[in-house]
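Enquirer: In the working numbering, the protein residues as written are 9 to 368.
Beta carbons are placed, not taken as given, at the ideal position from N, Cα and C, and that holds for glycine.
Note that this is a predicted model, so its numbers are computed, not measured.
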Ligand SMILES: Cc1cc2nc3c(=O)[nH]c(=O)nc-3n(C[C@H](O)[C@H](O)[C@H](O)COP(=O)(O)OP(=O)(O)OC[C@H]3O[C@@H](n4cnc5c(N)ncnc54)[C@H](O)[C@@H]3O)c2cc1C
């Protein structure tokens, strides 16, 4: 039997951050992940400066390792087909990284023991310890396995209705004449019904394009329209062999997700924490991974559900449920929204500063 204080299921940003904080506090931590790193994660790879602050990682230190990091100093935004609004800043307001590199770097930096290629197959409660896969015994388990995390699934009672955002993306190396998208100014294209948006994010020699929507219809026709649009504008011309990958995530407050149990907490996408307006999920993953570790360190030997409840309370405070517009007003809000997205002032102060950068 392999013994540890904390077993972390999933080595993405939530899991690796939790692992690093616990390891530095002297805990014996084991991370298992069904994938072998470096692994890819379906994601645009846009990160706000707050992510680096939470990670206590200087972007220059990350760049010095030779990994891709693109500084972002503005955004071009539009409702698909309308004239774009360009919002520029005199400072770096975001970064674009490649998840295959970023996640691998963070996991190695965590200092924790890692068992790659190890899916969580079973989880049993024996007395006051957890036994995973019949061979790992842990005092606490942290579920950081992303949207389909088996630990989070176990905590749920079933029957809950969840409405995830569904998204697809493709990341590929650019040919010399590949794209006119500037690395410093990624492009965002809102669907005309405002149920989602597409993006073009350049990271050095790579381009990431994708589209996410919160309705439950078929995503493929939207992707096809979007790619035709990008090709017509010369923004991207993905080769036929480029692989599109799909995934889902829950925006905070859109689904009932239990966050703690006896000797167990869930973090990141497993807890459904992405910001509803932008879909930013890396920062909530890192933030909740840290908070989970800090809660465990504070709880010490007492890791019953009641001792871990402050984690759930604090997460609900930081990631409250978004209030949806009343149904009769939805049409009006959308019509108004399409007009507002043509306004440079609204775009800068509300869309970008408040909803995407969360600075205002
Ligand atoms: C198309 C798309 C674009 C996105 N773009 C952005 C963006 O630009 N910026 C942003 O901030 N957010 C973005 N997000 C959201 C972001 O990707 C997630 O919120 C973030 O990855 C969550 O991190 P995590 O650590 O919780 O989970 P993950 O990164 O999903 O990591 C979970 C880990 O758990 C492992 N795992 C899963 N099941 C098991 C199992 N049974 N046993 C063991 N291990 C398991 C997986 O292999 C994985 O390594 C995007 C999401 C999508 C779908």
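Suppose you measure from the CA of residue 231 to the CA of residue 209; what does that come to, to the nearest Å?
Expert: Residue 231 and residue 209: Cα-Cα distance of roughly 16 Å.
Enquirer: Any heavy atom of ligand 1 inside 6 Å of the beta-carbon of residue 41?
Expert: Yes, Cβ of residue 41 sits closer than 6 Å to a heavy atom of ligand 1.
Enquirer: Give me the Cα-Cα distance between residue 195 and residue 82, rounded to the nearest whole angstrom.
Expert: Those two C-alpha atoms are separated by around 9 Å.
Enquirer: Cβ-heavy atom distance between residue 51 and ligand 1 below 6 Å?
Expert: At least one heavy atom of ligand 1 is nearer than 6 Å to the Cβ of residue 51, so yes.
Enquirer: Is any non-hydrogen atom of ligand 1 found closer than 6 Å to the C-beta of residue 214, if you look at the structure I gave you?
Expert: No; taking the cut-off as 6 Å, the Cβ of residue 214 has no heavy atom of ligand 1 nearer than that.
Enquirer: Please list, in chain order, all residues of the same chain as residue 117 whose beta carbon is under 7 Å from its beta carbon, the five residues on each side excluded.
Expert: Closer than 7 Å at the Cβ level, and outside the excluded window around residue 117, lie 28.
Enquirer: Are residue 191 and residue 78 closer than 7 Å when you measure CB to CB?
Expert: Taking 7 Å as the Cβ cut-off, residue 191 and residue 78 qualify as a contacting pair.
Enquirer: Quick one: Cα of residue 215 to Cα of residue 189, how far?
Expert: Going by the C-alpha atoms only, they are around 9 Å apart.
Enquirer: Alpha carbons only, please: which of 153, 159, 134 and 156 is nearest the one belonging to residue 147?
Expert: Considering only alpha carbons, the answer is 134.
Enquirer: Residue 285 to residue 121, Cα distance in whole Å?
Expert: Straight-line Cα distance between these residues: approximately 36 Å.
Enquirer: Leaving out five residues before and five after residue 247 in sequence, what residues of the same chain have Cβ atoms less than 8 Å from its Cβ?
Expert: Within the same chain, residue 247 has close Cβ partners 180.
Enquirer: On the criterion of 16 or more Cβ atoms from any shown chain inside 10 Å, does residue 344 qualify as buried, or is it exposed?
Expert: Residue 344 should be labelled exposed.
Enquirer: Give me, in chain order, the residues of the same chain whose beta-carbon lies closer than 6 Å to that of residue 126; leave out the 5 immediate sequence neighbours on both sides.
Expert: For residue 126, where only same-chain residues beyond five positions count, the Cβ hits under 6 Å are 40.
Enquirer: Bridge partners of residue 70, per DSSP?
Expert: Answer is none; residue 70 lacks a bridge partner.
Enquirer: Unbroken alpha helix (DSSP H) runs of length 4 or more, entirely within the stretch 153-212: which are they?
Expert: The stretch 153-212 contains these whole alpha helix (DSSP H) runs: 158-163.
Enquirer: Flag this pair as touching only if the stretch 251-261 and the stretch 271-288 have three or more C-beta atom pairs under 8 Å; answer yes or no.
Expert: The stretch 251-261, when compared against the stretch 271-288, does touch it at the 8 Å Cβ threshold.
Enquirer: For residue 103 and residue 158, which I take to be in contact (beta-carbon distance under 8 Å), what is that distance rounded to the nearest angstrom?
Expert: Residue 103 to residue 158, Cβ: 31 Å. No contact.
Enquirer: Throw me the rounded Cβ distance for the residue 369 and residue 55 pair, which I believe falls under 8 Å.
Expert: Here the chain has residues from 9 to 368 only, and residue 369 is not among them.
Enquirer: Within its chain, find whatever has a CB closer than 7 Å to the CB of residue 204; leave out the 5 residues flanking it on each side and keep chain order.
Expert: Counting only Cβ-Cβ distances below 7 Å, and skipping sequence neighbours, we find 219, 220, 221 and 222.
Enquirer: Under 7 Å Cβ to Cβ from residue 137, same chain only, skipping five residues before and after it: list those, please.
Expert: Within the same chain, residue 137 has close Cβ partners 145, 146 and 147.
Enquirer: For residue 47, tell me which candidate among 60, 108, 227 and 19 has the shortest Cα-Cα distance.
Expert: Answer by Cα proximity: 108.
Enquirer: Is it the case that the CB of residue 206 approaches a heavy atom of ligand 1 more closely than 6 Å?
Expert: Not so, every heavy atom of ligand 1 lies at least 6 Å from the Cβ.
Enquirer: Can you check whether the CB of residue 178 is closer than 7 Å to the CB of residue 217?
Expert: In contact: residue 217 and residue 178 (Cβ atoms closer than 7 Å).
Enquirer: Got a sec, what are the start and stop residues for the beta strand (DSSP E) residue 120 sits in?
Expert: No beta strand (DSSP E) contains residue 120, which DSSP labels as neither H nor E.
Enquirer: Taking 7 Å as the threshold (C-beta atoms), are residue 346 and residue 95 in contact?
Expert: Going by C-beta atoms, residue 95 is not nearer than 7 Å to residue 346.
Enquirer: Per DSSP, which one or two residues make a beta bridge with residue 12?
Expert: DSSP, once it has assigned bridges, lists 146 as partnering residue 12.
Enquirer: What's the call for residue 239, buried or exposed, on a 16-neighbour Cβ count within 10 Å?
Expert: Exposed is the call here.
Enquirer: Between residue 66 and ligand 1, is there a pair consisting of the residue's CB and a ligand heavy atom that are separated by less than 6 Å?
Expert: No, since every heavy atom of ligand 1 falls outside the 6 Å radius drawn around the Cβ of residue 66.
Enquirer: Compute the distance between the beta-carbons of residue 315 and residue 309, then report whether it is under 7 Å.
Expert: It is not a contact, given that the beta carbons lie outside the stated cut-off.
Enquirer: Are residue 100 and residue 93 closer than 7 Å when you measure CB to CB?
Expert: Contact flag unset, no.
Enquirer: In this structure, what does DSSP give as the bridge partners for residue 259?
Expert: Answer by DSSP bridge pairing, in chain order: 282.
Enquirer: Leaving aside the five residues before and after residue 299 along the sequence, list all residues of the same chain whose C-beta is less than 7 Å from its C-beta, in chain order.
Expert: Around residue 299: 319, 322 and 323.
Enquirer: Among residues of its own chain, excluding the 5 on either side of residue 142, which ones have a beta-carbon nearer than 7 Å to its beta-carbon?
Expert: 130.
Enquirer: Beta-carbon within less than 7 Å of residue 97's beta-carbon, same chain only, minus the 5 sequence neighbours each way: which residues are those?
Expert: Within the same chain, residue 97 has close Cβ partners 81 and 82.
Enquirer: Who are residue 140's beta bridge partners in DSSP?
Expert: For residue 140, which the question treats as bridged, DSSP gives the partners 131 and 144.
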